[in-house]
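Participant: Provided herewith is a single structure, encoded as structure tokens, for subsequent inquiry.
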Amino acid sequence: MKPSNPLHNSYLGPKTLIGTILGIGLYRLYHFLFLQPQHLTDPYFLYDLKNYLWAAQNLTQPETIYHPQRLHPYKYPPFFLLPLSLLTQFPLPWAAAIFWATSVLAFALSIALALQLAKNQTPTIYFWLAFLLLYDYWRVSLRLGQVQSFWFLAIMGAVYLEKQKHYTLAGISLALGAQIKIIPLLFLGYFLSRKSWKVLLGFLLGIALSTLTLGICWGWPLTLQLHISFTKLILLQSTQLNTLETLHYKNHSLLKVLIAPLANQPYTYNQWQWNIASLPLNFLKIYAYSLALLLLGYTTWLSHHHPHLRLFSIAQFTLLCLLLPPIVWHDYYYLLILPLAVAFQKNKTLNFKSISFWIFALLFLAMPRLFHHFGGERFYWFLGGETLGLLALWWNLTQFYKIPSPNSNPDEKNPTKAQKSSPTPPSTPPDSQIDPPASSASTA
0 MKPSNPLHNS YLGPKTLIGT ILGIGLYRLY HFLFLQPQHL TDPYFLYDLK NYLWAAQNLT
60 QPETIYHPQR LHPYKYPPFF LLPLSLLTQF PLPWAAAIFW ATSVLAFALS IALALQLAKN
120 QTPTIYFWLA FLLLYDYWRV SLRLGQVQSF WFLAIMGAVY LEKQKHYTLA GISLALGAQI
180 KIIPLLFLGY FLSRKSWKVL LGFLLGIALS TLTLGICWGW PLTLQLHISF TKLILLQSTQ
240 LNTLETLHYK NHSLLKVLIA PLANQPYTYN QWQWNIASLP LNFLKIYAYS LALLLLGYTT
300 WLSHHHPHLR LFSIAQFTLL CLLLPPIVWH DYYYLLILPL AVAFQKNKTL NFKSISFWIF
360 ALLFLAMPRL FHHFGGERFY WFLGGETLGL LALWWNLTQF YKIPSPNSNP DEKNPTKAQK
420 SSPTPPSTPP DSQIDPPASS ASTA
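Using numbering that gives the first Met the number 0, read the sequence shown as starting at 0 and increasing by one per residue.
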């Protein structure tokens, strides 16, 4: 007789989740193709995709597409321009449809890999919870035509291939993701912490192959010029402050949290005039960088001295990005951070608290948006919400100190209790009373 399955296993299983994602993606694609006139009045519909295609059409002018004075300069690695240049051969509606369909497929495949990694360890209901919490961010990413699904697939592919011991392919997958957006570089530290040196070699091989491909397709002078212009833009953005993006309520970097109250005025998306000339920006940057380095050092120490908390150290390393001043961490960057954490989860002792940790992290990211809707565009509203989320997240972090090592004896801290509970070993006779085995006597 076949055993009965719980409701969430039979009706809300992995196949249902993947089918739901594909169904939502197909519906939105149908809505775009056949109800397109409704989107013509939305200035932000496919805003990022239009910027990508514009850069691909002008790739022979690197100084133009990577110009820092543009309102929204193209700030992605040059290799991503190669597939975008193929989309420029189609009209915008068809190019958008192809981009949208591949984005949905990449998103669904990422979830499938995460489910496969967490098979028989984590109930699928937690993936449903993550999808419900982050559906709005995924919807916004599709609406703007962003690349979030592609670099997430590269990360999940690298994790899956590394678990399957295909280390070189895992490194190549991570390199392809880094050629779309630099965020996958963060997970290179995860593989290095596992001493997966072949992944590093595969990563370097992937970078070399992608650069060689660009050199063959576009010629080495243009390839070199594109990489130089991209590097200049990234270095410039790391040292200068983009007021609009830094102070946007969706940004969760520490520098925004420090600067926003000092601006002392309400914020609107189209407001450019800010009284930040008098702010101690250099001091705030040094302060934020110092906190980031302290957290990175603590993460390294924790991973080295407490191997059973390695997942937690990787989680802290990911949250380190919240403290980096040059980075604008929008909420939809964490598109599937909960399934990604569950995919890393291999220790059942940490299972519940790991999931609760990421749920609190998601609540921390959702607080500013929630308070923004209720309180308008006043700083104290979403800063207050972010503070509440941060306090909840910090409380959850402290719970990890109470988790014992899987190989440790819980009675080690109480030796008297251990002596009482441990059974007395059987008495052994003296050595003179122990007869040698027959086999040893025969061999002698």
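Beta carbons: idealized from backbone N, C-alpha and C, even for Gly. The model shown is predicted, which means the values in this text are computed figures rather than measured ones.
Assuming P77 contacts L232 (C-beta within less than 8 Å), just tell me the rounded distance between them.
Facilitator: With a Cβ gap of about 11 Å, P77 and L232 do not count as contacting.
Participant: Quick check on N50: does DSSP put it in helix, strand or coil?
Facilitator: Correct three-state label for N50: helix.
Participant: Buried or exposed: which applies to L16, given that a residue is buried once 16 or more other Cβ atoms fall within 10 Å of its Cβ?
Facilitator: Result: buried.
Participant: Nearest-angstrom Cα distance between W99 and W300?
Facilitator: Computed Cα separation, rounded: 42 Å.
Participant: Exposed or buried, which one is K416 when buried takes at least 16 other CB atoms within 10 Å?
Facilitator: Any reading at K416 needs caution, since the residue's pLDDT is 44, under 50, leaving its predicted position unreliable; the model's value is listed next. Flag for K416 reads exposed.
Participant: Am I right that S148 and F202 are in contact with their C-beta atoms under 8 Å? What's the rounded C-beta distance?
Facilitator: At roughly 21 Å, the Cβ-Cβ gap does not stay under 8 Å, so S148 and F202 are not in contact.
Participant: Spell out a yes or no on whether the stretch 43-57 and the stretch 130-145 are touching, meaning 3 or more CB-CB pairs, one atom from each, closer than 8 Å.
Facilitator: Contact between the stretch 43-57 and the stretch 130-145 is present, because at least three Cβ pairs lie under 8 Å.
Participant: To the nearest angstrom, report how far apart G176 and Y75 are at their CA atoms.
Facilitator: Looking at the two C-alpha atoms, the distance is approximately 11 Å.
Participant: Assuming C216 contacts L81 (C-beta within less than 8 Å), just tell me the rounded distance between them.
Facilitator: Rounded, the Cβ-Cβ distance is 7 Å, consistent with contact.
Participant: Counting only the same chain and skipping the five closest in sequence on each side, list residues whose C-beta sits under 7 Å from that of L21.
Facilitator: Within the same chain, L21 has close Cβ partners V103, A107.
Participant: Taking only three categories from DSSP, how would you classify L11?
Facilitator: Three-state result, L11: coil.
Participant: Where do the ends of the alpha helix (DSSP H) carrying G144 lie?
Facilitator: No alpha helix (DSSP H) holds G144; DSSP gives it neither H nor E.
Participant: So the candidates are Y65, A111, Q60, W53; which of them puts its Cα closest to the Cα of F151?
Facilitator: The shortest C-alpha separation from F151 is found at A111.
Participant: Quick one, which of E62, L70, F33 has its alpha-carbon nearest N50's?
Facilitator: Considering only alpha carbons, the answer is L70.
Participant: Can you list, in chain order, the residues of its chain whose CB lies under 7 Å from that of T19, leaving out five sequence neighbours each side?
Facilitator: Nothing listed; no residue qualifies.
Participant: Hey, quick one: how far does the alpha helix (DSSP H) through S172 stretch, first residue to last?
Facilitator: Start and end: 166-177.
Participant: Report the three-state DSSP secondary structure of D41 (helix, strand or coil).
Facilitator: DSSP places D41 in coil when its eight states are reduced to three.
Participant: Roughly how many angstroms separate the alpha carbons of L11 and Y125, rounded to a whole number?
Facilitator: The alpha-carbon atoms of L11 and Y125 are separated by roughly 11 Å.
Participant: Return yes when the Cβ of S209 is within less than 7 Å of the Cβ of Q178, no when it is not.
Facilitator: A contact, by the Cβ cut-off of 7 Å.
Participant: Name the two residues that bound the continuous alpha helix (DSSP H) containing T101.
Facilitator: Start and end: 91-116.
Participant: Give the range of the alpha helix (DSSP H) segment to which T63 is assigned.
Facilitator: Where T63 is concerned, the enclosing alpha helix (DSSP H) stretches over 61-64.
Participant: Assign T222 to buried or exposed, taking buried as 16 or more other Cβ atoms, counted over all protein chains shown, within 10 Å of its Cβ.
Facilitator: Classification of T222: buried, given that the 10 Å Cβ count is 16 or more.
Participant: Rounding to the nearest angstrom, what Cα-Cα distance links I206 and G24 in this structure?
Facilitator: Between I206 and G24, the C-alpha separation is close to 31 Å.
Participant: Applying the 10 Å Cβ sphere with the 16-neighbour rule, what's the burial state of I97?
Facilitator: By the 10 Å Cβ count, I97 comes out exposed.
Participant: Taking just the CA atoms, how far does F79 sit from P61?
Facilitator: Near 14 Å, if we compare the C-alpha coordinates of F79 and P61.
Participant: Over what stretch of residues does the alpha helix (DSSP H) that includes L70 continue unbroken?
Facilitator: From DSSP, L70 is part of no alpha helix (DSSP H); its letter is neither H nor E.
Participant: Please report how far the alpha carbon of T59 lies from the alpha carbon of L168, in whole angstroms.
Facilitator: Using only the alpha carbons, I get a separation of about 31 Å.
Participant: Hey, out of E161, Y65, Y26, whose CA is closest to L234's CA?
Facilitator: That would be Y65, whose Cα lies nearest to the Cα of L234.
Participant: Out of K162, S195, W137, H165, which one is the CA nearest neighbour of R27?
Facilitator: For the residues K162, S195, W137, H165, the minimum Cα distance to R27 belongs to W137.
Participant: Return the CA-CA distance between Q115 and H165, expressed in angstroms with no decimal places.
Facilitator: In a straight line, the C-alpha of Q115 is about 16 Å away from that of H165.
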